[in-house]
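Residue numbers (my numbering), protein chains in the order written: chain A, 1 to 482; chain B, 1001 to 1482.
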């Protein structure tokens, strides 16, 4: 009892100095290693924690990603049944492995990507298998000496040709995965054909297991909360449009605001940067979308390519908003009366431009032709013309007045700004830049309107009310586009 | 003889009407099908021909792509030897398939990408194999009833978790392929472990065949004309810089030119568009570059991330050049005397800016600190200041003169332009926009200079002549960056 108490006491005493005293006999090198290890562990724990937090945020932000993971687990569990159930295993044996492999490799986040990989895999396996068996039969006829040479040369040639085809953009966009599977299957068949006697049996088994794997993937991906690449693209495009509208609004408000910057506004203004960087995402989604069957409001030959054109026109706008954004940070400010004069006109032009963008968003979201887009575009153009008129009348009414009278009185009144005496044109310059950016943005929004109207024509959007939809053949157009 | 002559005569007569007369008995449906088939064949032949022409151009433009294809063929032929040589086949048997598969799947265009896939594949296979065997042993202890349930649940959980990890950006950038291989190997091991008794033997064989495949890929990709992702990124960055310089030159020359547009100039001007669209390529190359061992002038911890920052600053410039480019197409032109006045100053500022960019290109190409970049930046800033001064003095010296005198005389002299009477500010506006874009571009080139100087510091570029290189520890910095 006394011993226990003393040891407890000793432990208590040691605590304030840390554990180094207790480790005294092993200290020196060991202590350093211990400290180093502790440091490493700390860093690793920190990193893992950060990754986990990151993962949590990703999961919360988009629960469909979590669902996707569950779908992958589900598909793999189902395909595992082939091993656990004796009758199925007896049919396929070790070849059931190919079904598992197919599921792992082919299952993608969007339905389109899964379809792309499935179709590519099945067709490429079939083609390469047939070709491999054919060349194997030819090689068989030419004797044991020539056989490995023929097989080796054919592998070399076909693998090189298929690899090269992956560099051709049109092939890469649609058949990249197929080309890889072609090389894989062809080399496996022609190489293992040298040993395995029952080549046809093998080819048949492999094809059927791959067919099982792909059809399982397609079923699971389409039945449980499907994520359609086409919907994602559709969503991305109108989301980007909204972001552009918000950025435009934010920039103009920020420039003409009276008080200090709001934090919310700043975040809103940065939306255009997403638009600048979404080209790659748009292209891959459009690529996958055209493999998708009819779903929801999108039919099989929906003009996905037109979405890329809308995306390009949006980026075109975003470049201008970037310029507008860079004007805002300018230190020299135009005189208050001028700012006020332009403020109204500029806010008006911007709000009409935003109206046009919002109308386009509604057109795309509802997939119905807008009945009053023409009116809104006319309003925007009218507001822009007013702005241009205001700019035209600038030197005669304001600039000279500014140059002569106002500057001296203002400089005296404010005392601070007067010390630098920026020349009148420099004072007006940021304002002129903002106004001319605004005009340019309106012009480029016109480009977006045209692209969206072309989409409405190609995809045969219905009229919103009692307008007549135009009679065109979008499929013919699409074919001609290719 | 007479019959022959008559038949020949008939044939001759039929030619002008086409072959439909000869096909008379089979015509109707058959003729239509024949025509349709001919049309289809024509389209297919045309498409194939276009693809082949495309392929030819790709091959001529970059012969390394052709070499890559030959390398893939070579690696596959070498790995096929495992099948053809009896002693090797006896060792590995059917598992030699995994070596072939590894080569097909892992062999990529750049060394970095191949390394990335090889290392990911080996580590993921090892980890998943060990985990699979471990769980198999645990399941073995719990009886035949529980075993499939434990295995099934573990497949579900690990596959879901690994799939989710692929959504985390930091994991996706480095271990995306590894996560897929982990799922694949884990499911194959834990599922086939249920049947195959010699699990350790199988795991050992599979690991060694994968090791053979990956080492063969690494050898072939590094020994025969290696394409380094790092070099490609390095090249892309300084090429983009040159393109920006050319675009800037082209735009300013085009705006201030006296005669009609040259075709060459137009092509030169469009270079900035490549810069706008190269973000995705830069990012993937930087990702692969950090897997590459020391090569040429690049060591293992070369600061590849800094290249991305340079790329971003170049894109920042490119946005401005986009604005500049849009000013050029403006229909309203400033009065000749103003244009002339600004022409010299603007050309000067642009040529000094181009000098700075070219100096940066040399810095990056030679990987040596430039001794006179500071001088060139100062020159650029001085030229820009002169330009700004010219702009400042604009209203007092020229604008009012334009407003009052020149316009009426000019309108009378030229007759054509006078009809619209654009207001003076509108006439000056495009010029002001060009000048202010030029000023902004110079500011942003300053950002590029900073990014390149940071790269020179991080990568310890040597001084060009007898300047002292700064003593810094780039590796520490790099670690701190992560």
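Ideal placement from N, C-alpha and C gives every residue a C-beta, glycine not left out.
Return yes when the Cβ of residue 1432/B is within less than 8 angstroms of the Cβ of residue 1388/B, no when it is not.
-> Locating residue 1388/B in the second chain gives position 388, counting from the first residue. Locating residue 1432/B in the second chain gives position 432, counting from the first residue. Taking a C-beta distance under 8 angstroms as the contact criterion, residue 1388/B and residue 1432/B do not qualify as a contact pair.
Does DSSP put residue 1298/B in a helix, a strand or coil?
-> The residue you call residue 1298/B lines up with position 298 of the second chain. Correct three-state label for residue 1298/B: strand.
Inter-residue Cα distance where the pair is residue 1165/B and residue 287/A = Along the second chain, one-based indexing puts residue 1165/B at 165. Along the first chain, one-based indexing puts residue 287/A at 287. Going from the Cα of residue 1165/B to the Cα of residue 287/A covers about 24 angstroms.
Chain B contact for residue 341/A (CB, 8 angstroms cutoff) = Here residue 341/A refers to the residue found at position 341 when the first chain is read from its first residue. False, the Cβ-Cβ gap to chain B never drops below 8 angstroms.
Quick one: list the residues of chain A neighbouring residue 1172/B, beta-carbon separation under 9 angstroms, in chain order.
-> Within the second chain, numbered from 1, the residue matching residue 1172/B stands at position 172. Those within 9 angstroms of residue 1172/B in chain A number zero; the least Cβ separation is about 11 angstroms.
Assigned secondary structure, residue 1065/B (DSSP; H/G/I helix, E/B strand, else coil) = Reading the second chain from its first residue, position 65 is the one you call residue 1065/B. Reduced to three states, the DSSP call for residue 1065/B is helix.
Under 8 angstroms, do residue 1115/B and residue 1292/B count as touching if we go by C-beta distance?
-> Position 115 of the second chain, counting from 1, holds the residue named residue 1115/B. Position 292 of the second chain, counting from 1, holds the residue named residue 1292/B. Yes, the Cβ-Cβ distance between residue 1115/B and residue 1292/B is below 8 angstroms.
In terms of alpha-carbon separation, which member of 461/A, 74/A and 340/A lies closest to residue 368/A?
-> Working through the first chain from its first residue, we reach residue 368/A at position 368. Of the candidates 461/A, 74/A and 340/A, the one whose C-alpha sits nearest the C-alpha of residue 368/A is 461/A.
Thinking C-beta only, is residue 1106/B closer than 8 angstroms to residue 1522/B?
-> As shown, chain B starts at 1001 and ends at 1482. That puts residue 1522/B outside it, with no answer to give.
Which bits of chain B does residue 77/A rub up against, with CB to CB less than 9 angstroms?
-> Locating residue 77/A in the first chain gives position 77, where the first residue counts as 1. Those within 9 angstroms of residue 77/A in chain B are 1152, 1153, 1155, 1156 and 1159.
Taking residue 1055/B as the reference, give the member of 1162/B, 1069/B and 1450/B with the closest Cα.
-> Locating residue 1055/B in the second chain gives position 55, counting from the first residue. Nearest option by C-alpha distance: 1069/B.
Using three-state DSSP, classify residue 1257/B as helix, strand or coil.
-> Here the question's residue 1257/B lines up with position 257 in the second chain. Coil.
Taking contact to mean at least 3 C-beta pairs separated by less than 8 angstroms, is the segment 217–235 of chain A in contact with the segment 108–128 of chain A?
-> yes
Can you pull the chain B residues whose beta carbon is under 8 angstroms from the beta carbon of residue 280/A, in chain order?
-> In the first chain, the residue the question calls residue 280/A occupies position 280. For residue 280/A, the residues of chain B that pass the 8 angstroms Cβ criterion are 1279 and 1280, in the order they occur in the chain.
Could one say the Cβ of residue 188/A lies closer than 8 angstroms to chain B's Cβ atoms, at least one of them?
-> The count along the first chain starts at 1 and reaches residue 188/A at position 188. Yes, residue 188/A counts as interfacial toward chain B.
Beta-carbon gap between residue 1312/B and residue 1229/B smaller than 8 angstroms | As a position in the second chain, residue 1312/B is number 312, starting the count at 1. As a position in the second chain, residue 1229/B is number 229, starting the count at 1. No; because the gap between Cβ atoms is not below 8 angstroms, this pair is not in contact.
Three or more C-beta pairs below 8 angstroms linking the segment 138–149 of chain A and the segment 196–211 of chain A | no
Do you know offhand how far residue 1342/B's Cα is from residue 1390/B's?
-> Stepping through the second chain from its first residue, residue 1342/B is reached at position 342. Stepping through the second chain from its first residue, residue 1390/B is reached at position 390. About 8 angstroms.
Under the three-state reduction of DSSP, which class applies to residue 1508/B: helix, strand or coil?
-> Given that chain B is displayed from residue 1001 to residue 1482, the structure contains no residue 1508/B and the question cannot be resolved.
Please name the residue, chosen from 1294/B, 1240/B and 1295/B, that lies closest to residue 1269/B on a Cα-to-Cα basis.
-> To locate residue 1269/B, count along the second chain from 1; it is residue 269. Considering only alpha carbons, the answer is 1240/B.
Based on the DSSP output, what are the partners of residue 1369/B in its beta bridges?
-> Locating residue 1369/B in the second chain gives position 369, where the first residue counts as 1. Assignment of beta-bridge partners to residue 1369/B by DSSP yields 1463/B.
So which residues on chain A does residue 1177/B lean against when the C-beta distance must stay under 9 angstroms?
-> If you number the second chain from 1, residue 1177/B lands on position 177. Result: empty, since nearest Cβ-Cβ is about 11 angstroms, beyond 9 angstroms.
For the alpha helix (DSSP H) holding residue 148/A, just list the boundary residues, first then last.
-> Reading the first chain from its first residue, position 148 is the one you call residue 148/A. Where residue 148/A is concerned, the enclosing alpha helix (DSSP H) stretches over 143–165.
Kindly indicate if chain B contains any beta-carbon less than 8 angstroms away from that of residue 406/A.
-> Along the first chain, read from residue 1 onward, the residue named residue 406/A stands at position 406. Here residue 406/A scores only 41 on pLDDT, less than 50, and its place in the model is too uncertain to base an answer on.
Between the CA atoms of residue 95/A and residue 184/A - distance to the nearest angstrom | In the first chain, residue 184/A corresponds to position 184, counting from 1. In the first chain, residue 95/A corresponds to position 95, counting from 1. About 16 angstroms.
is_contact[residue 1072/B, chain A] using C-beta, thresh 8 angstroms = Taking the second chain and counting its residues from 1, one reaches residue 1072/B at position 72. By this cut-off, residue 1072/B is an interface position.
Secondary structure at residue 270/A, three-state DSSP: helix, strand or coil?
-> Taking the first residue of the first chain as position 1, residue 270/A is located at position 270. DSSP places residue 270/A in coil when its eight states are reduced to three.
Note down the Cα distance separating residue 322/A from residue 1459/B, rounded to an integer number of angstroms.
-> In the first chain, residue 322/A corresponds to position 322, counting from 1. In the second chain, residue 1459/B corresponds to position 459, counting from 1. Their Cα atoms are separated by approximately 32 angstroms.
Under the assumption that residue 386/A contacts residue 373/A (Cβ atoms under 8 angstroms), give the Cβ distance between them as a whole number of angstroms.
-> To locate residue 386/A, count along the first chain from 1; it is residue 386. To locate residue 373/A, count along the first chain from 1; it is residue 373. About 20 angstroms; that fails the 8 angstroms criterion.
Report the residue ranges of all alpha helix (DSSP H) runs contained in full by the segment 195–245 of chain A; include only those spanning at least 4 residues, in chain order.
-> 199–223
Could you check the C-alpha separation between residue 380/A and residue 1179/B for me, to the nearest Å?
-> Working through the first chain from its first residue, we reach residue 380/A at position 380. Working through the second chain from its first residue, we reach residue 1179/B at position 179. Near 51 angstroms, if we compare the C-alpha coordinates of residue 1179/B and residue 380/A.
Nonlocal neighbours in the same chain, by C-beta distance under 7 angstroms from residue 448/A, ignoring five residues either side | The residue given as residue 448/A occupies position 448 in the first chain. Within the same chain, residue 448/A has close Cβ partners 310, 313, 314, 317 and 360.
If you drop the 5 nearest sequence neighbours on each side, which residues of the same chain put their C-beta closer than 7 angstroms to that of residue 1464/B?
-> Here residue 1464/B refers to the residue found at position 464 when the second chain is read from its first residue. Taken in chain order, the residues that qualify are 1368, 1369, 1370 and 1371.
Do the segment 1128–1138 of chain B and the segment 1234–1249 of chain B touch if we need at least three Cβ pairs shorter than 8 angstroms?
-> no
Output yes or no for whether 8 angstroms exceeds the beta carbon distance between residue 124/A and residue 168/A.
-> Here the question's residue 124/A lines up with position 124 in the first chain. Here the question's residue 168/A lines up with position 168 in the first chain. No, Cβ-Cβ distance for residue 124/A and residue 168/A is not below 8 angstroms.
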